[in-house]
Ligand code: ATP
């Protein structure tokens, strides 16, 4: 059981600039007073009473902390400490200062598939480790794939384990949370989930710069995902190697059988013959598409177009007249994210 320190976080850390924000609070740069070292403080608002709509259940934060403690790996953000006050919990995390992977790539003029694969490998290493511990991320999306530092060859750091789940032996688990472009078909159709859902979503994140299921509306996108309807449009994929297509196709299925461990052995990731190496080196990412895709994605994120499958909401939201904060709260659809697991 994780220890939540009851002390005031500000006695130990100087609170600095905002690094990012989520639906339940902010992430700020913090400086340890004794050592001067820099960290990221994730400030999460906790629900003050059972009937409050604002903030997270403490148990949900405990869950995130337990998962982070179980998965210490170079490609996964590390947790250092946890502080708790009446209204919030603060997670002291490793500072990840290289920004989002997709922004780093979008700044490039050219990107060879072999360069993109170096990043993919690290994502897979992180997933392989998590999955070996029976933990699924369930919220893989570009915003949660960050880079360690602002250097020319940074390391991948997977962040945000708020929706992650630790599977117990024989457990049947369903969840209804996600973001349309990066949601597994079994989530939409409310089927039991496994770590395979991460693998399917991983294929959506492929670095071609085009979401395979992107429809004109979120509804259309979801329909395409459920039907697994996609095509490799020659116009967009003329630079993509056949090995890359094979890799994607093996993951673009419901409950993909290829595990993270097996992905790391696929010839696109680990070519064996010199012909495969040459083929991979000749292929590149369509940067025009990628930049367009990334700009559209950033716009969507900034519009906070967070998606929630309302009709699958697991818990009814109770009204509570005494809860003053409720009158100012954002729509429940934006706040129920972690409560939506069943
Ligand atoms: P969401 O509501 O999307 O689940 P959240 O409340 O769980 O968000 P995170 O996604 O963990 O919060 O963090 C929000 C943002 O803060 C991230 O997108 C990222 O920009 C920034 N961030 C998170 N963790 C770190 C970190 N360790 N170092 C630097 N920045 C971070």
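Numbering (UniProt numbering), first residue to last: 1 to 342.
Beta carbons: idealized from backbone N, C-alpha and C, even for Gly.
For residue 119, same chain residues with a beta-carbon under 7 angstroms away, outside a window of 5 residues either side, are 101, 156 in chain order. In this structure, the C-beta of residue 198 stays at least 6 angstroms away from each heavy atom of the ligand ATP. Leaving aside the five residues that flank residue 38 on each side, the residues in its chain whose CB is nearer than 7 angstroms to its CB run, in chain order, 29, 31, 95. Annotation: residue 226 to residue 10 spans about 47 angstroms, alpha carbon to alpha carbon. Ranked by Cα distance from residue 195, the options 255, 243, 181 are led by 255. Here DSSP, grouped into helix, strand and coil, assigns residue 257 to coil.
Counting the other Cβ atoms within 10 Å of the Cβ of residue 181 gives 16 or more, which makes it buried. The straight-line gap separating the alpha-carbon atoms of residue 121 and residue 269 is approximately 7 angstroms. For residue 73 and residue 159, the gap between their C-alpha atoms comes out near 12 angstroms. One thing to note: residue 203 has its Cβ within 7 angstroms of the Cβ of residue 252. In this structure, the beta-carbon distance from residue 260 to residue 80 does not fall below 7 angstroms.
Judged by their CB atoms, residue 22 and residue 90 are not nearer to each other than the 7 angstroms cut-off. In the structure shown, residue 175 adopts coil according to DSSP, grouped into three states. Shown here, residue 26 sits in a strand according to DSSP, grouped into three states. Across the structure, residue 47 and residue 98 are spaced so that their CA atoms are roughly 32 angstroms apart.
Cβ contact annotation for residue 277 (same chain, cutoff 6 angstroms, sequence separation greater than five): 271, in chain order. Going by beta carbons, residue 88 and residue 44 fall inside the 7 angstroms limit. Cβ-Cβ distances below 7 angstroms link residue 17 to 28, 29 in the same chain, with the five nearest sequence neighbours on each side left out; the list follows chain order. The alpha carbon of residue 12 has as its nearest neighbour, out of 65, 152, 84, the alpha carbon of 84. Distances from the CB of residue 104 to the heavy atoms of the ligand ATP are all 6 angstroms or more.
Residue 162 holds the alpha-carbon nearest to the alpha-carbon of residue 61 among 162, 50, 220. Going by DSSP, residue 146 is part of the beta strand (DSSP E) stretching over 145-147. When the five nearest sequence neighbours on each side are left out, the beta carbons in the same chain lying within less than 7 angstroms of the beta carbon of residue 143 are those of 100, 301, in order along the chain. Residue 73 has its Cβ no nearer than 6 angstroms to any heavy atom of the ligand ATP. Taking C-alpha positions only, residue 138 is separated from residue 65 by approximately 16 angstroms.
In this structure residue 123 does not touch residue 92 by the C-beta definition: roughly 24 angstroms separates them, more than the 8 angstroms allowed. For a cut-off of 8 angstroms, the C-beta gap from residue 192 to residue 172 is around 5 angstroms, short enough to register as a contact. Inclusion of residue 136 and residue 198 in the CB contact set at 7 angstroms is warranted, their separation being smaller than that value.
Within the same chain, 268, 269, 280 come within 8 angstroms of residue 117 by CB-CB distance, once the 5 residues on both sides are set aside. Residue 295 and residue 222 have their C-alpha atoms some 21 angstroms from each other. No heavy atom of the ligand ATP is found nearer than 6 angstroms to the CB of residue 88. In the DSSP assignment, residue 103 falls within the alpha helix (DSSP H) that extends over 101-106. Here residue 178 is buried. Its C-beta has 16 or more other C-beta atoms within 10 Å.
In the DSSP assignment, residue 116 falls within the alpha helix (DSSP H) that extends over 113-132.
The C-beta of residue 297 has 16 or more other C-beta atoms within 10 Å across all chains shown, which makes the residue buried.
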